[in-house]
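Visitor: Heads up: the sequence shown begins at 380 in this note's numbering, then just goes up one per residue.
C-beta: ideal position from N, C-alpha, C; glycine also.
Right, I'll just put the structure down here and ask away after.
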Amino acid sequence: MDVSILKDKFFELYGAAPLIVRSPGRINLIGEHTDYNEGFVLPAAIDKEMVLAVAKNNTDKCRLHSVDYNESAEFSLKDLKPSDTAWANYILGVADQLKKAGHTIEGFDCVFGGDIPMGAGLSSSAALECGAGYALSELFKLDIEKTQLVKFAQKAEHTFAGVQCGIMDQFASVMGKKDHAIRLDCRSLEFSYFPINLRNYQVVLCDTQVKHSLASSEYNTRRKECERGVAAVKEKYPEVNSLRDISLQMLNEVKEQLDPVVYKRCSFVIEENERLLSGCALLEEGDIAGFGKKMYGSHDGLSENYEVSCKELDFLVDYTRDKEYVVGARMMGGGFGGCTINLVAIDQKDTFIAGIREAYKEKFNIDMKTYEVAVKDGTGRVEVANATA
Ligand code: ADP
Ligand code: MG
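In structure tokens:
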């Protein structure tokens, strides 16, 4: 999003000079379906972002304008509730959380837009929430601590967007750090940064453009299957509360009593956490190819044991397997559609993109989109000449 266009639009609509905030989308390098099992994830903030311009308007209303939808909407701050204007809910939901936490929010205007593809699994929704929360914190000098901002944004998604998401997306948008992945422990929220010095590799996302309707029902089924595994192990080891507390050996001790499907699901989650931890060590050593192998391991587990892939995702990952210029590939996100994430040799990336697009078109008759992304800092102010604060 061109910041000067945003600023000009703001002046045209509201006649004031705004303060400007950006908040990025995210990728997740490895660690899928581990968050709700109290495990680890490894996201990073990317150079696709939401940009918001805000200023006080001395009323008790907020006036919002989406540049990308070219739509405006106005709401009273006295009585915040989910709106029929879907895009507004991410901002209203955050304002509601701030108010509920006792912060004083006065009337404000907001113009926003961005280049994070919507609904592709790069968390445009979290970027919007986090950007809105940070913008309001700056505007009203609320001095909200970063982890608190993450939680307000997550809660906004639960309450105003009706999506019971985990904390990864908002965490990555706010806490992202240039050239680093965030290893987040979803049990304690402890985190550490791991350098991703990709040197000669480029992260390329391939967007299947499909979203199979199975996604939400299967998601709920997976959660239940994991709970059943935990319950079985708990009979023998009363101290365990989640798959995070369970080793493969402990799971194997109750294998006879377990439904084979439940066993497959649980062993995937346990192995995925192990892959992530050893993958972080490889990143620290700068072993990108070693890390890439873990990504393939993740995909195979998601596809065969957790069974959340689909033919489009499998096709895109399989395409890369014999290409020596792709060191790692896997489906990213909840599954049944969305993107794959690929680590591709920079000098071959154009060959890769052209080849995989052509193959996908031939197989599914879909014009696939690809996104080349770099790892950037999390939510922050954009300094612009003449902007007021
Ligand atoms: P994801 O977070 O994976 O991109 P979601 O379905 O959670 O997908 O969120 C997408 C929704 O967020 C959109 O339907 C829209 O309401 C809102 N949104 C995202 N980006 C923008 C944008 N640039 N302008 C307006 N609304 C946006
Ligand atoms: Mg989302």
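Using 8 angstroms as the threshold, is the C-beta distance between V752 and L577 below it?
Guide: Numbered from its first residue, the sequence shown carries residue 752 at position 373. Numbered from its first residue, the sequence shown carries residue 577 at position 198. Against a cut-off of 8 angstroms, the Cβ pair of L577 and V752 comes out as no contact.
Visitor: Determine the direct distance from the alpha carbon of G734 to that of C489, and round the result to whole angstroms.
Guide: Looking up residue 489 in the sequence shown gives position 110. Looking up residue 734 in the sequence shown gives position 355. When rounded, the distance between both Cα atoms is 42 angstroms.
Visitor: With DSSP collapsed to three states, give me the class of V641.
Guide: On the sequence shown, residue 641 is found 262 positions in, with the first residue counted as 1. In this structure, V641 counts as helix in the three-state DSSP scheme.
Visitor: Can you name, in chain order, every residue of its own chain whose Cβ lies under 6 angstroms from the Cβ of G658, other than the five neighbours on each side?
Guide: For the purposes of this step, residue 658 is taken as the residue at position 279 of the sequence shown. Correct list, in chain order: I409, F670 and K673.
Visitor: Can we say the segment 466–476 touches the segment 518–527, given the rule of at least three CB pairs closer than 8 angstroms?
Guide: no
Visitor: Is the number of C-beta pairs between the segment 561–569 and the segment 404–418 that are closer than 8 angstroms three or more?
Guide: yes
Visitor: Within the segment 491–564, note down every full alpha helix (DSSP H) run reaching 4 residues or more, in order along the chain.
Guide: 503–518, 525–539 and 547–554
Visitor: Can you check whether the CB of D548 is closer than 8 angstroms to the CB of A505?
Guide: For this step, residue 505 is matched to residue 126 along the sequence shown. For this step, residue 548 is matched to residue 169 along the sequence shown. Contact: yes.
Visitor: Rounded to whole angstroms, how far is the Cβ of S552 from the Cβ of S445, which I believe are closer than 8 angstroms?
Guide: Reading the sequence shown from its first residue, position 173 is the one you call residue 552. Reading the sequence shown from its first residue, position 66 is the one you call residue 445. Not really, about 18 angstroms apart at Cβ, beyond 8 angstroms.
Visitor: List the residues that DSSP assigns as beta-bridge partners of P422.
Guide: The residue given as residue 422 occupies position 43 in the sequence shown. Paired residue(s): N407.
Visitor: Closer than 6 angstroms by C-beta to K530: which residues in its own chain qualify, once you throw out the five before and the five after it? Chain order, please.
Guide: Looking up residue 530 in the sequence shown gives position 151. Result list for K530: empty, nothing under 6 angstroms.
Visitor: Out of L627, G493 and L471, which has the shortest C-alpha to C-alpha gap to G486?
Guide: Sequence index remark: in the sequence shown, residue 486 carries index 107 (1-based). Closest option to G486, Cα to Cα, is L471.
Visitor: Among D387, H537 and M429, whose alpha-carbon lies nearest the alpha-carbon of G493?
Guide: Within the sequence shown, the letter at position 114 stands for residue 493. Checking every option, the nearest Cα to that of G493 belongs to M429.
Visitor: Spatial neighbours of Q636 within its chain, please: C-beta separation below 7 angstroms, excluding the five flanking residues on both sides.
Guide: Locating residue 636 in the sequence shown gives position 257, counting from the first residue. Closer than 7 angstroms at the Cβ level, and outside the excluded window around Q636, lie A611.
Visitor: Decide if the segment 419–426 is in contact with the segment 651–666; the criterion is three or more beta carbon pairs, one per stretch, under 8 angstroms apart.
Guide: Below 8 angstroms, enough C-beta pairs join the segment 419–426 and the segment 651–666 to call them touching: three or more.
Visitor: For the putative contact between S677 and E703, defined by C-beta atoms under 8 angstroms, what is the C-beta separation to the nearest angstrom?
Guide: Numbered from its first residue, the sequence shown carries residue 677 at position 298. Numbered from its first residue, the sequence shown carries residue 703 at position 324. Contact doesn't hold; Cβ gap of about 20 angstroms is too wide.
Visitor: Take the Cβ of A499 as the centre, count every other Cβ of all protein chains shown within 10 Å, and call the residue buried at 16 or more, exposed below.
Guide: Here residue 499 refers to the residue found at position 120 of the sequence shown. Buried: at least 16 other Cβ atoms inside 10 Å.
Visitor: Using a threshold of 8 angstroms, state whether the C-beta atoms of L593 and F694 are closer than that.
Guide: Position 214 of the sequence shown holds residue 593. Position 315 of the sequence shown holds residue 694. Cβ atoms of L593 and F694: not closer than 8 angstroms.
Visitor: Which residues in the same chain have their Cβ closer than 6 angstroms to the Cβ of S455, if we skip the five residues on either side of it in sequence?
Guide: As a first step, residue 455 must be located in the sequence shown, where it is residue number 76. Around S455: K440.
Visitor: Taking just the CA atoms, how far does L501 sit from H591?
Guide: Mapped onto the sequence shown, residue 591 falls at position 212. Mapped onto the sequence shown, residue 501 falls at position 122. Rounded to the nearest angstrom, the two C-alpha atoms are 17 angstroms apart.
Visitor: Are A395 and A434 closer than 8 angstroms when you measure CB to CB?
Guide: Your numbering for residue 395 matches position 16 in the sequence shown. Your numbering for residue 434 matches position 55 in the sequence shown. Yes, the pair counts as a contact, with Cβ atoms nearer than the cut-off.
Visitor: Please list the terminal residues of the continuous alpha helix (DSSP H) segment that includes G443.
Guide: Here the question's residue 443 lines up with position 64 in the sequence shown. The sequence given here has Leu at residue 443, not Gly. Counting along the chain, L443 falls outside any alpha helix (DSSP H), though it belongs to the beta strand (DSSP E) covering K440 to S445.
Visitor: What residues in its chain sit with their C-beta under 7 angstroms from that of F573, if we drop five residues either side in the sequence?
Guide: If you number the sequence shown from 1, residue 573 lands on position 194. These residues qualify, in order along the chain: H559, A560, R562, C659, L662 and E663.
Visitor: Over the uninterrupted alpha helix (DSSP H) stretch that includes Q476, give me the two end residues.
Guide: Taking the first residue of the sequence shown as position 1, residue 476 is located at position 97. Run containing Q476: A465 to K479, per the alpha helix (DSSP H) assignment.
Visitor: First and last residue of the beta strand (DSSP E) that includes A396?
Guide: Counting from 1 along the sequence shown, the entry for residue 396 is found at position 17. Where A396 is concerned, there is no enclosing beta strand (DSSP E), given that its DSSP letter is neither H nor E.
Visitor: Quick check on the DSSP output: the alpha helix (DSSP H) that includes I720 runs from which residue to which?
Guide: Along the sequence shown, one-based indexing puts residue 720 at 341. Here I720 belongs to no alpha helix (DSSP H); instead the beta strand (DSSP E) covers G716 to A724.
Visitor: Under 7 angstroms from any heavy atom of ligand 1, does the C-beta of A551 make it?
Guide: Stepping through the sequence shown from its first residue, residue 551 is reached at position 172. Every heavy atom of ligand 1 is 7 angstroms or more from the Cβ of A551, so no.
Visitor: Where L692 and A432 are concerned, what is the direct C-alpha to C-alpha distance, given to the nearest angstrom?
Guide: The residue labelled residue 692 in the question sits at position 313 within the sequence shown. The residue labelled residue 432 in the question sits at position 53 within the sequence shown. Distance between the alpha carbons of L692 and A432 is about 37 angstroms.
Visitor: What ranges does the beta strand (DSSP E) occupy inside the segment 681–715, keeping only unbroken runs of at least 3 residues that lie completely in it?
Guide: 705–710
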